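First comes the structure, then the notes that go with it.
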Amino acid sequence: MQTHRSHTMIKAVLSSMLSTLVATASTAAFAQPPSFTQGEADSNISTLFDWKGANPRTAKVGSIESSDGLQWTVPAKTSFLAGSKAADLYNEANNVKPNSLEDVDLQSIPVVDAGGDEVFTAFVFGDNYFELFIDGKLIAVDPVPMTPFNSNVIRFKAKRPFTIGIMGVDWEERLGLGFEKFRGASFHQGDAGLVAVIKDDSGKTISVTDNSWKAQTFYTAPLQAKDCLVVNGSHRDSSNCATDDVNDGRQHYAAHWPIPENWAASSFDVSDWPNAVTYTNDFVGVDNKPAYTNFTDLFDAPDADAQFIWSSSLVHDNLVLMRTTIGD
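Right under this line is the structure:
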């Protein structure tokens, strides 16, 4: 009997030690210092997506080596080429331009099986690009990496509780630097933001983006100086870095962190991540974007007003992972 009790105690101690080690490893992973790069990245994909309409942009992908010898894909390593494209809510590139949600045939949109028998619908407006995960499974990717500004609708089956993971990317034209061209400025710091509404099959809103979501940045640029970035544990704060346009930003810096492979899985612990920061519609600047304004009754519903979310800097943080869990 004493031997059995001893074995039980040993197992309990080992289990506790293992839990502590896992928690410590998780905390250490997010407390790690960034890898810094300086200058513009090499272009690997010169034309991922080319929009020649209003606000023409060419989305590109590049790579750059940091001072510690690591290679980074900028602005992000995505599943744009291989992933299933989210259905259009509003998308000028595909000539899908409904005046309101009433003009959208939601029942015609295919339902993606994420494991479960309850049907849900997610409505997303992302500036610029997003990928949607349910319990770690990639469900849909934004069909437009940069411009035109678009919005999407995704229907999926899942079992409650389930975890929603969204990777948001603020695309860039100066690869590795976070700059874009804007109104004659060659080195303009663009901004980001994402808003989402999730409804059940009865049409009831069960989740909206707000500050209860978790949000963590993994690529921050441009940085005029590395020391403007404050890293304290899992908090990566670039909100005090300069946001002005510059004449020549080719020597600016960028900060990078590796993305955990299973970050979107429900079992992945994000308790140490910062809560998402919310931004007003005016601050994000959506008053001239019909992909949003045609659906304000959806995104800005009085009883379930979805808020734009991101990390601590809407300007500098270019690759942000966001998560929430839908309960029973």
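In mature numbering (1 follows the signal peptide of the UniProt record, and there is no 0), the protein residues as written are -31 to -1, 1 to 297.
Quick reminder that beta carbons are idealized off the backbone N, C-alpha and C, glycines included.
Computed from a predicted model, the values in this text were never measured in an experiment.
Could you give the distance in angstroms between the alpha-carbon of residue 262 and the alpha-carbon of residue 88? 26 angstroms
Inter-residue Cα distance where the pair is residue 130 and residue 44: 32 angstroms
Outcome for residue 185 when other beta-carbon atoms lying within 10 angstroms are tallied against a minimum of 16: buried
Return the bridge partner residues of residue 274 from the DSSP annotation. For residue 274, which the question treats as bridged, DSSP gives the partners 269.
Compare the beta carbon distance of residue 229 and residue 203 with 8 angstroms and say whether it is the shorter of the two. no
Does the separation of the CB atoms of residue 140 and residue 97 fall below 8 angstroms? Judged by beta-carbon spacing, residue 97 lies within the 8 angstroms limit of residue 140, meaning their Cβ atoms are closer than that value.
Assess contact between the segment 111 to 122 and the segment 185 to 197, defined as three or more Cβ pairs (one per stretch) separated by less than 8 angstroms. Is contact present? No: fewer than three Cβ pairs fall under 8 angstroms.
Can you name, in chain order, every residue of its own chain whose Cβ lies under 8 angstroms from the Cβ of residue 1, other than the five neighbours on each side? 226
Whether or not the segment 36 to 43 and the segment 108 to 117 are in contact is what I'm after, with contact meaning three or more pairs of Cβ atoms, one per stretch, closer than 8 angstroms; do they touch? No, the segment 108 to 117 does not touch the segment 36 to 43.
Anticipated Cβ contact below 8 angstroms, residue 189 with residue 245, distance rounded: Actually they do not touch by this definition, with Cβ atoms about 16 angstroms apart.
Alpha carbon to alpha carbon, what distance is there between residue 76 and residue 206? Roughly 42 angstroms separates the two Cα atoms.
How many angstroms separate the CA atom of residue 296 from the CA atom of residue 143? 41 angstroms
Rounded to whole angstroms, what's the CA-CA distance from residue 168 to residue 34? Just pull it up for me. C-alpha separation (whole angstroms): 42 angstroms.
For residue 252, the three-state DSSP class (helix, strand or coil): helix
Pull up the distance between the alpha-carbon of residue 80 and that of residue 254, whole angstroms please. Rounded to whole angstroms, the separation of the alpha carbons of residue 254 and residue 80 is 32 angstroms.
Between residue 52 and the rest of its own chain, which residues show a CB-CB distance below 8 angstroms, the 5 nearest in sequence each way excluded? Once the five neighbours on either side are set aside, the close Cβ partners of residue 52 are 100, 107, 109, 110.
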